[in-house]
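Heads up: the protein sequence lines correspond to chains V and F, in order. Take the first sequence: its letter number 134 is residue 134 in my numbering, and every next letter is one higher. Going from the second sequence to my numbering is simple: count from 1 and add 155. Glycine included, C-beta positions come from ideal geometry on N, C-alpha and C. Only a predicted model underlies this, so the values are computations on that prediction, with no experimental measurement involved. One structure is given here, and the rest of the page talks about it.
There are 2 protein chains.
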Amino acid sequence: MAALSDAIERFIKDLLTDDTRVELKRNELAQYFGCANSQINYVLATRFSVDRGYLVESRRGGSGYVRVIRISASDVELLGSLLQRIGGEIGEENAKAIILRLYELHVVDVNEARLMQAAVSAEAISLPISSKDMIRASVLKSLVVQAFKNMREGK
Amino acid sequence: MAALSDAIERFIKDLLTDDTRVELKRNELAQYFGCANSQINYVLATRFSVDRGYLVESRRGGSGYVRVIRISASDVELLGSLLQRIGGEIGEENAKAIILRLYELHVVDVNEARLMQAAVSAEAISLPISSKDMIRASVLKSLVVQAFKNMREGK
DNA sequence: GGTATAATGGTCAAAAATAGTCAGACAGGA
DNA sequence: TCCTGTCTGACTATTTTTGACCATTATACC
Numbered sequence: 001m002a003a004l005s006d007a008i009e010r011f012i013k014d015l016l017t018d019d020t021r022v023e024l025k026r027n028e029l030a031q032y033f034g035c036a037n038s039q040i041n042y043v044l045a046t047r048f049s050v051d052r053g054y055l056v057e058s059r060r061g062g063s064g065y066v067r068v069i070r071i072s073a074s075d076v077e078l079l080g081s082l083l084q085r086i087g088g089e090i091g092e093e094n095a096k097a098i099i100l101r102l103y104e105l106h107v108v109d110v111n112e113a114r115l116m117q118a119a120v121s122a123e124a125i126s127l128p129i130s131s132k133d134m135i136r137a138s139v140l141k142s143l144v145v146q147a148f149k150n151m152r153e154g155k
Numbered sequence: 156m157a158a159l160s161d162a163i164e165r166f167i168k169d170l171l172t173d174d175t176r177v178e179l180k181r182n183e184l185a186q187y188f189g190c191a192n193s194q195i196n197y198v199l200a201t202r203f204s205v206d207r208g209y210l211v212e213s214r215r216g217g218s219g220y221v222r223v224i225r226i227s228a229s230d231v232e233l234l235g236s237l238l239q240r241i242g243g244e245i246g247e248e249n250a251k252a253i254i255l256r257l258y259e260l261h262v263v264d265v266n267e268a269r270l271m272q273a274a275v276s277a278e279a280i281s282l283p284i285s286s287k288d289m290i291r292a293s294v295l296k297s298l299v300v301q302a303f304k305n306m307r308e309g310k
């Protein structure tokens, strides 16, 4: 029983498998899924952000539209833009979005992505502890647990 | 005398006899047993801990869930010993040794091991910086660079 | 050309749907 | 009695969904 948002995300991504862009009618889509129009905006905001590798353009008024564009870039550009996006500090959500992007671009596979998420999770990086080794221990514990979860899952 | 917790434990374990994982709704389960929701968390914490051979994942919000995963006895042993060895803090060399062990045991493949090493490297976990997000950014940068190295390398 | 109107899409805050945490009450055994 | 394991309730955190209201644009009509 995936959430509505998940279904809408899936729907849009399916439309993006061949093409690198789709054009939608917000209201039609909302009608199709039987939800509030703003639900579409929610999905676009949470699942098709720049960090996740998408651009969204739209226009209101008569024959308006919402256009979703999958961003493609060369490896060098991608790496540069990701590092820049990370910057000097980054929150957990944005970090996850970036990892997800690496996954969708096939830079990492699903297990690698999970490991990465484990490494940057709030759980792994719990502060008030002030020694480098303590942080590392925390990170590594998360990684070990995640590695086991991966193994159970199979690729 | 058969405490409520025991009944809930039994119930979940029965669901796990065939499969190695179950998905639950915390509230439904609490309703079914006519208890406080937090009772479920108590059971999960006390009877389905890592050292008892279980992993628990969950998600909040609409169509949230609690997932319980059973792992094999030998894996429990291994996981337990590794976590114990990591302890409250650990140096880089020892951390690497543990990752190497995971690799030799085929828990992770070579790329995954490299990611893990990147995550716990001295470079990734540079202190004097005192915010959680700054540490995370540092870790993630290392991970991203390593992921790209992996890709160039091929498996 | 200027306006009114219809057709779109956007924003934001509140509600709903979940799950987690923690301190303390309780109960039975050492 | 005191300790330990159970259990609860109040409060918190997260994610999704909805609704009321706002903004923009095309077009029909004068």
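Rounded separation between residue i and residue j - CA only
| i | j | result |
| --- | --- | --- |
| Glu28(V) | Gln272(F) | 48 Å |
| Phe48(V) | Ile40(V) | 11 Å |
| Arg70(V) | Glu9(V) | 13 Å |
| Asp169(F) | Ala158(F) | 17 Å |
| Ser63(V) | Val43(V) | 21 Å |
| Asp19(V) | Ala113(V) | 25 Å |
| Asp230(F) | Tyr32(V) | 47 Å |
| Gly208(F) | Arg176(F) | 12 Å |
| Arg215(F) | Asp6(V) | 14 Å |
| Leu83(V) | Glu89(V) | 11 Å |
| Leu16(V) | Ile98(V) | 19 Å |
| Ser193(F) | Val56(V) | 41 Å |
| Leu257(F) | Gly235(F) | 13 Å |
| Lys251(F) | Ile280(F) | 14 Å |
Short Cβ contact (9 Å threshold) for residue i with residue j
| i | j | result |
| --- | --- | --- |
| Glu247(F) | Val223(F) | no |
| Asn94(V) | Val263(F) | no |
| Leu255(F) | Leu233(F) | no |
| Arg85(V) | Asp51(V) | yes |
| Ser227(F) | Val221(F) | no |
| Ala200(F) | Ala191(F) | no |
| Leu24(V) | Leu270(F) | no |
Chain F residues whose Cβ lies nearer than 7 Å to that of residue i
| i | result |
| --- | --- |
| Asn111(V) | Glu267 |
| Leu115(V) | Glu267, Leu270, Met271 |
| Ala160(V) | Past the edges of chain V, shown from 1 to 155, lies residue 160(V), and the structure says nothing about it. |
Bridge-paired residues (DSSP) for residue i
| i | result |
| --- | --- |
| Glu212(F) | Arg222(F) |
| Val177(F) | Val223(F) |
Residue i: contacting residues in chain V (beta-carbon distance under 9 Å)
| i | result |
| --- | --- |
| Ser213(F) | Correct list: empty, because the minimum Cβ distance to chain V is about 12 Å. |
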